[in-house]
Amino acid sequence: MMELYIDTHYTDLVIALLKNNKLIDKRVINSNKHSINTVNLLNEILKSNNIGIDDINLIIVINGPGSFTGVRIGVVIAKTIGYTKNISVKAISYLQALALNYNKEVIVGIRDRNGVFGGKFNKEHELIEDYFYLTNKEVESYKEEIIYSDLVDIEKVAMFLKNKDNINPHLLKPLYVKRIEVDHD
Amino acid sequence: MKDVYILAIESSCDETSMAIVKNGKEVVSLTIATQMDTHALYGGVVPEIASRMHTEAITLVLDDTLKKANMKIEDMDGIAVTCKPGLTGSLIVGIECAKTLALVYNKPLIGVNHLIGHIYANNIENDMEFPMLALIVSGGHTELVIMEDHYKFKRLGETLDDAIGEAYDKVARVIGLKYPGGPNVEKLALEGNDTYNLPKPVMDDTYNFSYSGLKSAIINLVHNSEQRKEEVRRADLAKSFQVVAIDELVRKVEKAFRETGIKRLVVAGGVSANKYLKEEMQKLCDKYQAELLIPKLLYCTDNAAMIGAAAYPLYLKKEFSDYSLNASSEGDIL
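Going line by line, the protein sequences match chains R and U. Going by the numbering used here, the first sequence opens with residue 11, and the numbers climb by one from there. Going by the numbering used here, the second sequence opens with residue 1236, and the numbers climb by one from there.
Pasting the structure below:
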């Protein structure tokens, strides 16, 4: 069982290969140029491990939240491979991936320039309230404790997703959380 | 020679489109998922919404395109994608899909300029012959170029400020027409007469265009009429605007016919769907016994078939892109 992990949600581009939920290779590029780097990095990791795309049994993709364009890059790649090659796809939010590090009820957060994305998870790591986004100002008056961390254990993610359903690649979409402001005409 | 099949992807603005094009000419299948109704709610294209809708549509459009052609990606000789100019967030969705397909199926990747795509829309059902004049008229561009051969361009002139399509959209807003402005101004103009005396764009002797003065004159005219509580004859204003805007294009093309001696004209870009423009260009071409090519309506607006057509000469020349292909909002054709 070979798994491909793709995370493009923020400044760290991470692509990893796992075999039976054990990490065999992991590549990271820290930049704001995911649109240039992601397919190149995917090519590189497959080649140097002598793996063809048809050897992959499952794609695990971080579907957000974070940079809108960044998240879309990973999601579009996962959708495209999943649909055309008929490879299973599973998606997980970066917040839930972080929550796997805690065996208690926890609110985890990740920061962007203007604020914090957050989610509250129970000790089984399931989301118990809707994801939220607080601006830096709103965070100051937020009553509950938010745990910030940036370390996802990819093997834990793969283990957690073992019992989760695949997602139809056509229906896979980014988790944006943050609203955009537009005026109605 | 073996037939060449190219899968082409276009996502530069508010249409997610894919096509399979054979030998740069035959459209085997074409799918266009438009977002126009959504953006109409906001009075114009909202870039972030466009990117989101492309992401949701992309594999569905691919599925539809392949099924209609009864073909598989394995059958393709290359994957073409619009990489510039356009909304970068939207372009990236098509580009990532194209790069992934190129990698996974080990196919050549061909990055295509959207404006050159519009020109090649004319090569789908007709044969472009060189040298020719190409007039590009769209929401972002107004340019007159000489095309000496495939991908050999020489610019005569371009807009110094607003593009003609942009002027149409702004005039539409000022006189209270809904998005998409251009087609709505054209429709209203049919009911009006050329009674307003509007300033002519550029009176100089270059090939350049300018539409901001004309646009400002209309904004001022509407504003002044409102202050004086006079009624604006909207249909007449739409007609008067259209006459000045299009006549300016005609004047510059006529100058090019006279000075270059070239007897072929292709019109490309969204505004080429405009009927008045077609009629006036036809009259001009008749006068100079020149050949006029304008794409059929389906290929005037954004579509992937034109990207497949424009990719074909690049495929033959093996001008391929690598996986670093990126989106750009700018995209000069020269």
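C-beta: ideal position from N, C-alpha, C; glycine also.
If I follow the unbroken beta strand (DSSP E) through C1248 (chain U), where does it start and stop? Along the second sequence, one-based indexing puts residue 1248 (chain U) at 13. Taken as a continuous stretch (DSSP letters only), C1248 (chain U) belongs to no beta strand (DSSP E), as it is neither H nor E.
Bridge partners for N40 (chain R) per DSSP, in chain order? As a working note, residue 40 (chain R) is residue 30 in the first sequence. In DSSP, N40 (chain R) forms a bridge with R:D22.
Within the same chain, show all residues whose beta-carbon is closer than 7 Å to that of D163 (chain R), passing over the 5 residues directly before and after it, in chain order. Here residue 163 (chain R) refers to the residue found at position 153 of the first sequence. Here the set comprises L110 and N111.
Just by C-beta distance, which residues in the segment 1292–1308 of chain U are closer than 8 Å to chain R? I1293, T1294, L1295, L1297, D1298 and I1308
With DSSP run on the structure shown, which of helix, strand or coil describes D1310 (chain U)? Here residue 1310 (chain U) corresponds to residue number 75 of the second sequence, with the count starting at 1. Three-state result, D1310 (chain U): helix.
C-beta contact flag for Y1403 (chain U) and M1311 (chain U) at 8 Å: Position 168 of the second sequence, counted from the first residue, corresponds to residue 1403 (chain U). Position 76 of the second sequence, counted from the first residue, corresponds to residue 1311 (chain U). Going by C-beta atoms, Y1403 (chain U) is not nearer than 8 Å to M1311 (chain U).
Helix, strand or coil for N96 (chain R), going by three-state DSSP, please let me know. Taking the first sequence and counting its residues from 1, one reaches residue 96 (chain R) at position 86. Of the three classes helix, strand and coil, the one that applies to N96 (chain R) here is coil, per DSSP.
Between K1257 (chain U) and L171 (chain R), what straight-line distance do the alpha-carbon atoms span, to the nearest angstrom? In the second sequence, the residue the question calls residue 1257 (chain U) occupies position 22. In the first sequence, the residue the question calls residue 171 (chain R) occupies position 161. So the two alpha carbons sit approximately 43 Å from each other.
Interface residues of chain U around L52 (chain R) at Cβ under 7 Å? Residue numbering aside, residue 52 (chain R) sits at position 42 when the first sequence is read from its first letter. Neighbours of L52 (chain R) on chain U, chain order: L1338.
Taking the Cβ atom as the reference point for each residue, do A1424 (chain U) and Q1477 (chain U) lie within a distance shorter than 8 Å? Counting from one through the second sequence, the residue named residue 1424 (chain U) turns up at place 189. Counting from one through the second sequence, the residue named residue 1477 (chain U) turns up at place 242. Yes, these two residues count as a Cβ contact at 8 Å.
Exposure of F1444 (chain U), with buried meaning 16 or more beta-carbon neighbours within 10 Å: One-based indexing of the second sequence puts residue 1444 (chain U) at position 209. F1444 (chain U) comes out buried.
What are the complete beta strand (DSSP E) segments, minimum 3 residues, inside the segment 1437–1515 of chain U? 1499–1503
Find the residues of chain U that neighbour S45 (chain R), judging by a C-beta separation of less than 8 Å, and give them in chain order. Your numbering for residue 45 (chain R) matches position 35 in the first sequence. Under the 8 Å cutoff, chain U gives I1327, I1330, E1331, N1561 and A1562.
Do I1481 (chain U) and L1512 (chain U) count as a contact pair if the criterion is CB distance below 8 Å? Here residue 1512 (chain U) corresponds to residue number 277 of the second sequence, with the count starting at 1. Here residue 1481 (chain U) corresponds to residue number 246 of the second sequence, with the count starting at 1. Their beta carbons are under 8 Å apart, which means L1512 (chain U) touches I1481 (chain U) by this criterion.
Where the beta strand (DSSP E) containing F142 (chain R) begins and where it ends: One-based indexing of the first sequence puts residue 142 (chain R) at position 132. Residues F142 to T145.
Using CA coordinates, which residue listed in U:T1335, U:S1460 and U:E1483 is at the minimum distance from G1448 (chain U)? On the second sequence, position 213 is the one that residue 1448 (chain U) refers to. For the residues U:T1335, U:S1460 and U:E1483, the minimum Cα distance to G1448 (chain U) belongs to U:E1483.
Note down the Cα distance separating M1516 (chain U) from V1485 (chain U), rounded to an integer number of angstroms. In the second sequence, the residue the question calls residue 1516 (chain U) occupies position 281. In the second sequence, the residue the question calls residue 1485 (chain U) occupies position 250. M1516 (chain U) and V1485 (chain U): Cα-Cα distance of roughly 6 Å.
Counting only beta-carbon separations shorter than 8 Å, does Y1431 (chain U) have a partner in chain R? On the second sequence, residue 1431 (chain U) is found 196 positions in, with the first residue counted as 1. No - not a single Cβ of chain R is within 8 Å of the one on Y1431 (chain U).
So, with DSSP's three-state summary, where would you put R82 (chain R)? Numbered from its first residue, the first sequence carries residue 82 (chain R) at position 72. Note: R82 (chain R) maps to helix in three-state DSSP.
Assign L1425 (chain U) to one of three DSSP states: helix, strand, or coil. One-based indexing of the second sequence puts residue 1425 (chain U) at position 190. In this structure, L1425 (chain U) counts as coil in the three-state DSSP scheme.
So, at 8 Å on beta carbons, what are the nonlocal neighbours of Y143 (chain R) in its own chain, with the 5 sequence-adjacent residues on each side left out? As a working note, residue 143 (chain R) is residue 133 in the first sequence. Here the set comprises P75, G125, V126, F127, G128, V187, K188 and R189.
Beta-carbon spacing of L1368 (chain U), I1497 (chain U) below 8 Å: Stepping through the second sequence from its first residue, residue 1368 (chain U) is reached at position 133. Stepping through the second sequence from its first residue, residue 1497 (chain U) is reached at position 262. The answer is yes: Cβ separation under 8 Å.
Look up G1392 (chain U) in the DSSP assignment and say whether it is helix, strand or coil. By one-based count along the second sequence, residue 1392 (chain U) stands at place 157. G1392 (chain U) falls in the strand class under three-state DSSP.
D195 (chain R) to L1276 (chain U), Cα distance in whole Å? Counting from one through the first sequence, the residue named residue 195 (chain R) turns up at place 185. Counting from one through the second sequence, the residue named residue 1276 (chain U) turns up at place 41. Annotation note: pLDDT 46 at D195 (chain R) (below 50); position unreliable, coordinate value reported separately. Roughly 6 Å separates the two Cα atoms.
Apart from the five residues on each side of it in sequence, which residues of its chain come closer than 6 Å, Cβ to Cβ, to L1242 (chain U)? The residue you call residue 1242 (chain U) lines up with position 7 of the second sequence. Here the set comprises I1255, M1311 and I1314.
V1406 (chain U) CB to nearest chain R CB: under 8 Å? Sequence index remark: in the second sequence, residue 1406 (chain U) carries index 171 (1-based). It does not; no Cβ of chain R falls within 8 Å.
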